[in-house]
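First the structure, in the form of structure tokens, and then the observations on it.
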Amino acid sequence: MNEWEVEFDHISKSFFGIRALSDVTFSVGKGQTLGLIGENGAGKSTLMNILGGVFEQDEGSIRLFGNEYNPSCPADATHAGIAFIHQELNLFTNLSIADNLFIDSFPRLGKSPFIDKSRLHKRAVDLLSSVDLHISAGTPVEMLTPGERQLVEIARAISQDARVIIFDEPTTSLTAVERKRLFDIIKRLQDQGRTIIYISHTLEDVLQVSDAIAVLRDGCLVSIGPARKYTIDRMISDMVGRRIEQMYPARRTAPGSAALLEVEGVTQPGIVRDISFKLHENEVLGIFGLMGSGRSELASITFGLDSRRTGRISIRAKDTAGSSPVMSIHNGLAFVTENRHQEGLLMEASVSENLYLTSLRKFTRLGPARIINRSEALESANRIAETLRIKSGPINKQKVKNLSGGNQQKVVIGKWLLTEPDVLILDEPTRGIDVGAKYEIYATINKLAEEGVGILYISSELEELTGMCDRILVMSNGEMRAEFARLDFDQEKILQAAFSGRAGYCTPSENGEN
Amino acid sequence: MSDHFVLVITVLYFLLIWAIYPHMAGRRNIANLFSNVWPLLALVIGQMFVLIVGGIDLSQTSIMAVTSVLGAMIMAGRFDPAKFEQNPLWSVVFSEQGGLLAGSGWAVPAAILIMLVVGIGIGLFNGMAVAKLKMPPFMVTLVAMSFYSGLAIYLTRSENIMHLPDSFIAIGKGSLGPVPSAMLIVVTLAVLAFVILNLSILGRWFYAVGQNIRTARVSGVPTERVVIVAYVFSGFCAAIGSILYSARLEAGRPTLGRNLLLDVIGAAVIGGISLYGGKGRVLWAVYGVLFFVVLDNSLNKMPLEFYSIDIIKGGVILMAVLLDSLRTSIASRQTAAEGIS
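Pasting the structure below:
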């Protein structure tokens with residue numbers, strides 16, 4: 001067992017004088033799975049980028065399979081037998097599975113420039129069966145679910161004969177069944193003698209899949225040891241350096257009786273069918289569903305981003321028929337979208353620009369010329385940044401893309417708070433952010449609910465929903481399947497409802513876009 | 515990189531050329547230089563709005579041609595029967611006695627109004643096709659370029675329309691006191707563009723749409739309207755350019771601006787306005803045009819054939835485009851590196 005595959009020896013790295021890693025020393029054994037955890041900015045990705053040949057360490061050395069290892073570019077790492085399975089998958093969606101597997105090493109007919117199609121196909125089939133993916137190798141990747149795409153990436157790592165495979169947040173877009181299958185495959189990779197480094201913010205997963213766990217905080221290794229010596233509580237307290245007694249803070253108010261948002265019989269063929277619900281004052285209403293259940297699509301329709309064929313949506317009993325995002329915002333809706341990079345933020349713009357984008361109309365003067373009152377807008381943005389404790393340089397200079405994930409998410413929430421909404425729709429508000437930022441976001445949600453805002457909380461993390469919500473609605477196959485009041489929360493029953501009406505895991509056609 | 519980098523380069527280049535060709539800084543050449551700046555700047559400012567929202571307007575020069583011809587048909591004082599007798603519009607719109615409103619006091623204002631309205635109309639059409647029908651801007655405006663330049667030639671049977679009224683020609687050549695009227699018009703346009711981009715809500719919306727149209731839409735930006743306005747403004751600026759060039763050349767020309775398109779986009783990119791959307795400032799447009807005009811002027815002083823000039827200009831623009839894509843890819847790589855964890 002004690003044959004080290006990867007040894008980090010006193011690794012330090014600074015960026016522009018800021019320490020990202022200091023004196024990190026630990027090793028990963030052959031055939032082991034190491035869970036690597038830490039808050040955003042703790043140094044996980046810097047360390048992995050050094051291993052992957054993206055950055056070079058300032059001090060220290062790495063030994064790989066017992067030999068000195070000094071990659072100068074990512075290709076060196078690939079040749080050395082290191083593979084990355086990224087959060088955002090690196091596949092050519094327009095090409096077939098087989099093409100993706102061999103994109104840099106097509107089997108050729110002799111030395112000719114022509115592809116040996118039959119050999120390509122045979123090898124692809126072998127690889128796919130080794131990851132339990134029983135789909136024709138000619139299928140275009142765009143037809144696959146996120147889970148299936150991930151399996152293709154794993155197959156590619158196997159084809160490159162990777163001995164060390166790094167998983168970065170691999171379960172965020174997987175269904176429960178897909179997740180179980182991934183863990184089985186990780187087990188199998190391990191049995192073949194491959195070494196796994198598993199990075200995730202989903203601590204339950206890390207605990208389940210790892211043999212050993214290493215915790216980074218502020219660039220230092222805080223603790224490392226066999227997984228059995230860790231509990232979720234210990235992992236959190238190691239990561240944040242303090243104990244978070246209660247992950248889900250308590251709320252001081254109960255839901256009111258006045259309905260803020262009413263959705264009645266909303267149908268869009270192929271997406272959602274006959275959805276009705278009411279969201280009340282001071283209420284946090286959860287919507288749970290698996291990938292492809294229509295939960296995010298329902299949010300988009302409610303906000304007026306996507307169209308609906310029939311159904312009525314009203315805010316404070318005011319009909320918003322045929323609405324657009326412009327009208328929705330005017331009527332007091334706010335929408336924290338699932339994907340902050342693509343829908344939530346202007347990555348190249350400053351923090352303040354992002355914060356006041358949604359509420360620019362409030363800061364104009366000179367009537368029809370609509371000249372912006374900059375100082376007033378900046379002042380409001382500053383106030384919100386302070387309230388949410390966004391860690392950033394001067395907000396009118398700092399670009400959003402240079403913030404950590406948690407702070408970026410706070411900017412998305414902040415820009416909606418600036419519109420002073422009556423109803424806040426949150427879609428996966430804590431995805432991919434660290435524990436400390438999560439806690440602060442939970443506290444913000446509670447504060448809003450106490451002030452009377454109605455909150456529609458969409459998440460695929462059941463734990464989070466049962467911790468935060470007053471009621472949970474369960475969706476499956478585009479339909480509302482069940483409703484649970486807080487007293488009746490039962491994770492098993494909620495999951496059962498979410499799985500009702502679907503066979504196994506979702507098929508590509510159900511999954512729609514990504 | 516500093517905001518004024520392009521200006522510094524321009525000045526250094528100018529000094530270098532001045533050392534070789536002393537008459538470069540002569541009074542006449544300077545006046546000539548600036549008279550080339552104004553109409554080009556009008557076009558580049560319009561193009562900038564479209565580039566900022568992530569599009570491109572290839573039809574600007576054809577808008578110039580068609581509006582030049584239409585304006586002339588209204589106000590020209592005399593049409594040569596030898597050239598125009600065969601024209602289908604002969605004795606319908608114009609005759610030997612001049613254009614539709616020839617001689618009337620309203621001729622010039624009406625012609626200018628028509629030119630602007632046609633420019634805006636073509637821009638509106640382009641914008642609708644891009645924003646509402648989701649057609650690729652490149653294709654929409656390429657087809658528009660071909661269509662309107664064909665139309666301009668069809669309307670005139672490829673003949674220039676001369677005999678424009680003096681009051682119209684004064685727009686291109688006259689001056690108010692010491693200030694050339696072309697300068698007055700374009701500086702006003704630049705100030706208007708500055709106010710829109712930097713001070714108004716519409717400006718924030720232009721940049722937001724160019725950076726990420728999806729985020730902009732979710733955030734309540736009326737994205738379709740914003741895109742349409744950009745093309746409308748581009749068409750409007752093209753019409754202004756057409757007025758200035760037609761007045762300077764004292765003719766309605768169906769081939770007006772034929773070789774100008776690369777100059778417009780080239781000057782924009784040299785100034786630092788990104789072809790990838792979301793980036794551009796009025797000052798950058800001014801610097802880009804200055805550099806381009808100085809370059810063009812200096813090349814014309816050198817003992818070069820016209821094709822060598824084209825090759826050199828093309829090379830310089832290509833360098834600017836390369837710089838633009840390098841900057842953009844460095845920016846996106848930084849985002850990727852930090853987005854991992």
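Sequences listed follow chains A and B, in order.
Positions 1 to 514 (this note's numbering) are the ones given, in order, by the first sequence.
Positions 515 to 855 (this note's numbering) are the ones given, in order, by the second sequence.
Ideal placement from N, C-alpha and C gives every residue a C-beta, glycine not left out.
Can you pull the chain B neighbours of residue i, defined as C-beta to C-beta under 8 Å?
| i | result |
| --- | --- |
| residue 335(A) | 732 |
Report the three-state DSSP secondary structure of residue i (helix, strand or coil).
| i | result |
| --- | --- |
| residue 276(A) | strand |
| residue 148(A) | helix |
| residue 282(A) | coil |
| residue 100(A) | helix |
| residue 248(A) | coil |
| residue 319(A) | strand |
| residue 582(B) | helix |
| residue 67(A) | strand |
| residue 673(B) | coil |
| residue 399(A) | strand |
Could you check if residue i is buried or exposed, using at least 16 other CB atoms within 10 Å of its CB as the buried criterion?
| i | result |
| --- | --- |
| residue 505(A) | The predicted model places residue 505(A) with a pLDDT of 38, which falls under 50 and marks its position as unreliable, so this point remains unresolved. |
| residue 163(A) | buried |
| residue 725(B) | buried |
| residue 232(A) | exposed |
| residue 767(B) | buried |
| residue 90(A) | exposed |
| residue 821(B) | exposed |
| residue 855(B) | Interpretation of residue 855(B) is limited by its pLDDT of 30, a score under 50 that renders its predicted location unreliable; the figure taken from the coordinates is listed afterwards. The residue is buried, with at least 16 neighbouring Cβ atoms inside 10 Å. |
| residue 280(A) | buried |
| residue 73(A) | exposed |
| residue 519(B) | exposed |
| residue 268(A) | buried |
What are the boundary residues of the beta strand (DSSP E) that residue i is part of?
| i | result |
| --- | --- |
| residue 220(A) | 220-226 |
| residue 259(A) | 259-268 |
| residue 35(A) | 33-37 |
| residue 360(A) | Looking at the DSSP string, residue 360(A) is not in any beta strand (DSSP E), and its letter there is neither H nor E. |
| residue 427(A) | 423-427 |
| residue 6(A) | 4-15 |
| residue 543(A) | Missing from the structure shown is residue 543(A); chain A here goes from 1 to 514 and no further. |
| residue 747(B) | Element bounds for residue 747(B): not the beta strand (DSSP E) but the alpha helix (DSSP H), 737-763. |
| residue 302(A) | Careful: residue 302(A) lies outside any beta strand (DSSP E), inside the alpha helix (DSSP H) at 295-303. |
| residue 599(B) | Premise fails: residue 599(B) is in no beta strand (DSSP E) and is neither H nor E. |
So residue i is in the alpha helix (DSSP H); what residue range does that whole segment cover?
| i | result |
| --- | --- |
| residue 384(A) | 374-387 |
| residue 642(B) | 621-645 |
| residue 531(B) | 519-534 |
| residue 663(B) | 651-670 |
So that I know if they touch, is there some Cβ in chain B lying closer than 8 Å to that of residue i?
| i | result |
| --- | --- |
| residue 313(A) | no |
| residue 325(A) | yes |
| residue 491(A) | no |
| residue 361(A) | yes |
| residue 364(A) | yes |
| residue 144(A) | no |
| residue 11(A) | no |
| residue 64(A) | no |
Can you find a CB in chain A that lies within less than 8 Å of the CB of residue i?
| i | result |
| --- | --- |
| residue 814(B) | no |
| residue 762(B) | no |
| residue 851(B) | Per-residue confidence for residue 851(B) stands at a pLDDT of 40, beneath the threshold of 50, marking its modelled position as unreliable; no derived number is given. |
| residue 841(B) | no |
| residue 728(B) | yes |
| residue 718(B) | yes |
| residue 645(B) | no |
Kindly list, in the order they appear in chain A, the residues whose Cβ is closer than 7 Å to that of residue i.
| i | result |
| --- | --- |
| residue 714(B) | 369, 370, 371, 372 |
| residue 722(B) | 346, 357 |
Residues of chain A with CB closer than 9 Å to the CB of residue i, please, in chain order.
| i | result |
| --- | --- |
| residue 792(B) | 346, 348, 349 |
| residue 725(B) | 346, 347, 348, 349 |
Please list, in chain order, the chain B residues whose beta carbon lies closer than 7 Å to that of residue i.
| i | result |
| --- | --- |
| residue 329(A) | 734 |
| residue 358(A) | 733, 734 |
| residue 208(A) | None at all; the shortest Cβ gap to chain B is about 20 Å. |
| residue 342(A) | 728 |
Whose Cβ in chain E lies nearer than 8 Å to the Cβ of residue i?
| i | result |
| --- | --- |
| residue 305(A) | Absent here is chain E; the protein component of the structure consists of chains A and B. |
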